[in-house]
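Input: a single structure, listed below in structure tokens.
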Amino acid sequence: MAREVAESCIDSINLELVHTYATRLHPTKPELAARRIEAIGFQVGLQLAERYTKERPRFGDHLEAIKFICKDFWAEVFKKQIDNLKTNHRGVFVLQDNRFRWLTRFSLDAPTSGNGTSSSEANQANSARASQAAGQYLYFPCGLIRGALTNFGVPCAVSAEVSALPACSFIVRIKG
Amino acid sequence: MPPNSRPGDAVFASVDRVNAELFTLTYGAIVRQLLTDFEEVDEVNKQLDTMGYNIGIRLIDDFLAKANITRCSDFRETAETIVKVGFKMFLGVTGTVANWNTDNTECSLILDDNPLVDFVELPETCQGLYYCNILCGVIRGALEMVSMRTEVKFVKDVLRGDDVFEIRLKLLEQVPEEYPYKDDE
Amino acid sequence: MIVCVAVVGQQNNPLYIQSFTNGDDTLKFHYIVHCSLDVIDEKVSNPKKLGVSLNETFLGLLYPTEDYKVFGYLSNTKIKFILVTTDQDLRDADVRNIFRRFHAAYVDAASNPFHVPGKRITSPAFAERVSSIVKSFGAAPVP
Numbered sequence: 000m001a002r003e004v005a006e007s008c009i010d011s012i013n014l015e016l017v018h019t020y021a022t023r024l025h026p027t028k029p030e031l032a033a034r035r036i037e038a039i040g041f042q043v044g045l046q047l048a049e050r051y052t053k054e055r056p057r058f059g060d061h062l063e064a065i066k067f068i069c070k071d072f073w074a075e076v077f078k079k080q081i082d083n084l085k086t087n088h089r090g091v092f093v094l095q096d097n098r099f100r101w102l103t104r105f106s107l108d109a110p111t112s113g114n115g116t117s118s119s120e121a122n123q124a125n126s127a128r129a130s131q132a133a134g135q136y137l138y139f140p141c142g143l144i145r146g147a148l149t150n151f152g153v154p155c156a157v158s159a160e161v162s163a164l165p166a167c168s169f170i171v172r173i174k175g
Numbered sequence: 000m001p002p003n004s005r006p007g008d009a010v011f012a013s014v015d016r017v018n019a020e021l022f023t024l025t026y027g028a029i030v031r032q033l034l035t036d037f038e039e040v041d042e043v044n045k046q047l048d049t050m051g052y053n054i055g056i057r058l059i060d061d062f063l064a065k066a067n068i069t070r071c072s073d074f075r076e077t078a079e080t081i082v083k084v085g086f087k088m089f090l091g092v093t094g095t096v097a098n099w100n101t102d103n104t105e106c107s108l109i110l111d112d113n114p115l116v117d118f119v120e121l122p123e124t125c126q127g128l129y130y131c132n133i134l135c136g137v138i139r140g141a142l143e144m145v146s147m148r149t150e151v152k153f154v155k156d157v158l159r160g161d162d163v164f165e166i167r168l169k170l171l172e173q174v175p176e177e178y179p180y181k182d183d184e
Numbered sequence: 000m001i002v003c004v005a006v007v008g009q010q011n012n013p014l015y016i017q018s019f020t021n022g023d024d025t026l027k028f029h030y031i032v033h034c035s036l037d038v039i040d041e042k043v044s045n046p047k048k049l050g051v052s053l054n055e056t057f058l059g060l061l062y063p064t065e066d067y068k069v070f071g072y073l074s075n076t077k078i079k080f081i082l083v084t085t086d087q088d089l090r091d092a093d094v095r096n097i098f099r100r101f102h103a104a105y106v107d108a109a110s111n112p113f114h115v116p117g118k119r120i121t122s123p124a125f126a127e128r129v130s131s132i133v134k135s136f137g138a139a140p141v142p
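Chains as they are written, first to last, in numbering that gives the first Met the number 0: chain V, 0 to 175; chain B, 0 to 184; chain Z, 0 to 142.
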């Protein structure tokens, strides 16, 4: 039987990974922190690609590999599938997750308008801040996707966008 | 078994659990990145300890609540709770407590195995590395939040060829707890 | 009897090669493994012509030599696994099973955080696991 750990171990290590690189080690160099965190995700993505496809036939093309990321890979890592996959048919794929598991805790920090005095402007500023903070937690999953696809022979660049928490999109641009 | 808590098995069964692979691989990738960034293994040991400390101070409330722990009567009970409930609740493994000193301020936490080291083989170049050093930080951070200042360090490591993982836990100071409310008489 | 196993990376770079004979056959096996890479490339690019079902990891018999049979397996991550055997009558299912275990051993070795992708596998645990797989195969009665 596969070994299990508490899910809070994953939460803790992810929070602390971002804290270590973005706040403690490189507070004035956000791009460098992002690169380091992405590199860590990349290594894990390479390894998971290997593990998750142990018993399955090879992918016929890039689209099959991307669909695998959206379904099986996402389900293994985040306990749900990607909600929507879009493509421009020229090598760009958008993977949308309406409720990204690692961001679900951020929705708690979203502005509450309970006292009735908060203006929509303040709300917007708050949610912009929350989105920015949330963005730091997406470097790792971007690396995961890039690592897995690279190992499937799909060289690509991956970025992320936070829309309304906890929804987000991952944009995969295939190279070459 | 620590008397003032739910048994570790029951707590582990009640929390959200995931396949350990992702956790194991993520931790491994972090250790490797830190080794690339810092080069010195001593500095990496320190970084892992700091990361653990930050995790420990956040994790303790969750732990006390889920394990339904009111308080530990003494340091011996605290140590038992860490290995029987704490390790079990988070990592799914239990350990044992051994090698107490005479005044009960110092002991060893022994683990045969833990999910951080699945698949790991240390290269020759990492001889001074305590790969699981994050665990020391977690324990130190968590205990500090319940008013115990401790020193925590690895003395045995399976990855270095020892038969078990042994963490030496030393109580430096116990700040008397001030409860915001009195226990019922 | 399995006399040689090899793992070859995405750029046809050798990741692991080990022979299990008493003689000094290393060069000969290197040559056999090298030749089998071309056969794999051909099988993968012309699956229908060569009778391999599309995208299956197990590639079957790559080619027989006078003394050996060479089998291949290609993972989703384009890692090639090669077995050289002396047996003449092997059951397909047995060979598939060996490859599956061989692949699983590789996946665990690649999960070591200190393994560098594309570099040779130096793990003693991997070598031990492969050699026990090879031995278990030799011990099994061939029908």
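Note that CB positions come from ideal geometry on N, CA and C, so glycine has one too.
For a contact meaning CB atoms closer than 9 Å, what does V:Asn150 contact in chain Z?
The answer, in chain order, is Gln9, Asn75, Thr76, Lys77 and Pro116.
Could you tell me whether the region 55-70 of chain V touches the region 32-51 of chain B, where touching means 3 or more Cβ pairs closer than 8 Å?
no
Determine the chain Z residues that contact V:Arg50 at a beta-carbon separation under 9 Å, and present them in chain order.
Val106, Asp107, Ala109 and Ser110
Hey, B:Phe22 and V:Ser7 are a contact pair by Cβ (cut 8 Å); roughly how many whole angstroms apart?
Wrong, their Cβ atoms sit about 10 Å apart, outside the cutoff.
Considering Cα atoms alone, identify which of B:Pro122, B:Ile56, B:Gly7 and B:Val92 is closest to B:Asp111.
B:Val92
So B:Phe118 contacts chain C; which residues on that side make the cut at Cβ distance below 7 Å?
In the displayed structure, chain C is absent; the protein chains listed are V, B and Z.
Can you grab the Cα-Cα spacing for the pair Z:Asn11 / Z:Val43, in whole Å?
14 Å
Within the region 54-119 of chain Z, ranges of the alpha helix (DSSP H) (whole runs, at least 4 residues):
DSSP assignment within the region 54-119 of chain Z yields the following whole alpha helix (DSSP H) runs of 4 residues or more, N-terminal first: 91-109.
Mapping the DSSP letters down to three states, classify V:Gly115 as helix, strand or coil.
Here V:Gly115 scores only 47 on pLDDT, less than 50, and its place in the model is too uncertain to base an answer on.
Spatially closest choice to B:Glu42 from V:Leu24, V:Lys53 and V:Lys28, by CA coordinates:
When only C-alpha atoms are compared, the closest one is V:Leu24.
Quick check on the DSSP output: the alpha helix (DSSP H) that includes B:Lys87 runs from which residue to which?
Phe86 to Leu90
Exposure of Z:Asn75, with buried meaning 16 or more beta-carbon neighbours within 10 Å
buried
Using a Cβ-Cβ cutoff of less than 6 Å, which residues in the same chain neighbour V:Leu137 once the five nearest sequence positions on both sides are dropped?
Ala159
Which residue comes first and which comes last in the alpha helix (DSSP H) that contains Z:Asp40?
Boundaries of the alpha helix (DSSP H) around Z:Asp40: Thr25 to Ser44.
By Cβ distance below 8 Å, which residues in the same chain neighbour Z:Val129 in space, the five residues on each side in sequence not counted?
Counting only Cβ-Cβ distances below 8 Å, and skipping sequence neighbours, we find Val4, Tyr15, Gln17, Phe101 and Ala104.
Per DSSP, cross-strand counterpart(s) of V:Ser168
V:Gln95 and V:Glu160
Locate the beta strand (DSSP E) running through B:Val17, then write down its first and last residues.
Arg16 to Asn18
Let me make sure I understand the geometry here. Which of B:Arg139, B:Ile133, B:Pro6 and B:Asp60 has the alpha-carbon closest to that of B:Pro114?
That would be B:Ile133, whose Cα lies nearest to the Cα of B:Pro114.
Thinking C-beta only, is B:Glu105 closer than 8 Å to B:Lys169?
yes
Going along the chain, which residues of its own chain have a beta-carbon closer than 7 Å to the beta-carbon of B:Gly85, five neighbours each way excluded?
Phe62
Quick check on Z:Met0: does DSSP put it in helix, strand or coil?
coil
Express the C-alpha separation of B:Arg31 and B:Cys125 in angstroms, rounding to a whole number.
10 Å
V:Pro26 versus chain Z: which residues are under 8 Å apart at the beta carbon?
Near V:Pro26 there are no residues of chain Z at all, since even the closest Cβ is about 26 Å away, more than 8 Å.
Would you call the CB atoms of B:Phe74 and B:Asn100 closer than 8 Å?
no
Under 8 Å between C-beta atoms, does B:Ala28 make it to chain Z?
Yes, B:Ala28 lies at the interface with chain Z (some Cβ there is under 8 Å from its Cβ).
Of the residues B:Ala19, B:Glu20, B:Gly27 and B:Arg5, which one's Cα is nearest the Cα of Z:Pro112?
B:Gly27
Determine, for B:Asn100, whether the minimum Cβ-Cβ distance to residues of chain V falls below 8 Å.
no
In this structure, what does DSSP give as the bridge partners for Z:Gln9?
DSSP output for Z:Gln9 lists no bridge partner at all.
Name, please, each residue of chain Z whose Cβ falls closer than 9 Å to the Cβ of B:Arg31.
Pro112 and Phe113
Min CB distance V:Pro56 to chain Z below 8 Å
Yes, V:Pro56 counts as interfacial toward chain Z.
Determine, for V:Glu37, whether the minimum Cβ-Cβ distance to residues of chain B falls below 8 Å.
Taking Cβ atoms only, chain B never reaches closer than 8 Å to V:Glu37, which makes this a no.
For V:Gly113 and V:Asn122, I'd like the C-alpha separation in whole angstroms.
Low per-residue confidence applies at V:Gly113: pLDDT is 46, beneath 50, and the placement is therefore not dependable, though the value from the model is reported in the following sentence. V:Gly113 and V:Asn122: Cα-Cα distance of roughly 12 Å.
Under a Cβ-count criterion, where at least 16 other Cβ atoms within 10 Å of its own Cβ denotes burial, should V:Ala32 be classed as buried or exposed?
buried
If we count the other Cβ atoms within 10 Å of its Cβ and call it buried at 16 or more, is Z:Gln87 buried or exposed?
exposed
Tell me Z:Ser18's beta-bridge partners as DSSP assigns them.
Z:Cys3
With DSSP as the reference, label V:Ile65 as helix, strand or coil.
helix
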